[in-house]
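Here's the structure we're looking at; comments come further down.
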Amino acid sequence: MTATPPTPHPHEALIRRYFDACNAADYQALMSCFTPDAVHYFPPGLPEIPWRSADTISKKWLWCVENLGSQWTIEKVLVSHNSNEAVIEWTHWKRKFNTAQRGDEWYVFDETTGLIKEIRAYYAAPAVKDTAELPVVHGTHMGELVAFDYAGRGYHLRCE
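The sequence shown maps to residues 1 to 160 in UniProt numbering.
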């Protein structure tokens with residue numbers, strides 16, 4: 001008998017729906033994930049940050065898919081048991097430039113609607129060029145943690 005996988009927490013389910021909408025470049029699906037006044041914060045380096053409003057966030061991700069060939073994978077999800085927050089690890093694949101970047105995001109969900117009202121993105125390291133053959137420094141692929149067993153822990157090693 002096969003065990004039924006557990007039903008994901010509603011916050012995790014929404015995050016996964018959000019990533020699916022990003023990957024599909026689906027504006028309406030993206031909009032449905034956010035409160036109208038949502039904010040997405042980033043580390044320095046990107047223009048026009050933070051992104052303020054569901055409309056802005058949705059349009060910026062559409063731009064990334066169209067212009068960078070962006071696709072994202074979720075590596076890990078942790079949902080708080082006592083607050084409206086969650087954190088994930090992700091990989092952002094920029095296929096038109098053959099680069100990848102790993103990082104994590106902290107999510108805050110609206111208490112009334114359950115929608116995403118804030119995302120705080122943090123990058124693990126600078127983006128890596130030429131993901132077909134990631135450069136190795138001190139035994140570690142650039143853009144990844146030193147001595148961390150990505151393959152052994154089930155992380156995506158290429159954009160699928």
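Note that beta-carbon positions come from the ideal geometry of N, C-alpha and C, so glycine has one too.
Quick caveat: nothing in here was measured; it's all calculated off a predicted structure.
Can you say whether residue i is buried or exposed, counting buried as having 16 or more other CB atoms within 10 angstroms of its CB?
{"i": "T91", "result": "buried"}
{"i": "A21", "result": "buried"}
{"i": "A24", "result": "exposed"}
{"i": "E66", "result": "exposed"}
{"i": "E48", "result": "exposed"}
Keeping to the same chain, check which residues put their C-beta closer than 8 Å to that of residue i; ignore five residues upstream and five downstream.
{"i": "G69", "result": "W93, K94, R95, K96 and F97"}
{"i": "A3", "result": "none"}
{"i": "T113", "result": "T35"}
For residue i versus residue j, is the C-beta spacing smaller than 7 Å?
{"i": "G103", "j": "A124", "result": "yes"}
{"i": "E75", "j": "E85", "result": "no"}
{"i": "L14", "j": "S58", "result": "no"}
{"i": "Q71", "j": "C159", "result": "yes"}
{"i": "H156", "j": "T73", "result": "yes"}
Please go through the same chain and pick out, in chain order, the residues whose beta-carbon is closer than 7 Å to the beta-carbon of residue i, but skip the five residues on each side of it.
{"i": "L78", "result": "A86 and V87"}
{"i": "R120", "result": "Y41, E105 and W106"}
{"i": "K60", "result": "W51"}
{"i": "S80", "result": "A86"}
Enumerate in chain order the residues of its own chain whose CB-to-CB distance from residue i is below 6 Å, with the five nearest sequence positions on each side excluded.
{"i": "L115", "result": "F34 and T35"}
{"i": "Y122", "result": "G103 and D104"}
{"i": "A54", "result": "M31, F34, P36 and A38"}
My guess is that residue i and residue j are in contact by the Cβ rule of under 8 Å, so how many angstroms apart are they, rounded?
{"i": "Y18", "j": "L62", "result": "Wrong, their Cβ atoms sit about 13 Å apart, outside the cutoff."}
message = Below 8 Å, how does it come out for the segment 6-15 and the segment 37-48: are there three or more Cβ pairs, yes or no?
response = no
Practice item. For the segment 109-120 and the segment 28-37, state whether three or more C-beta atom pairs, one from each stretch, are separated by less than 8 Å. Key: yes
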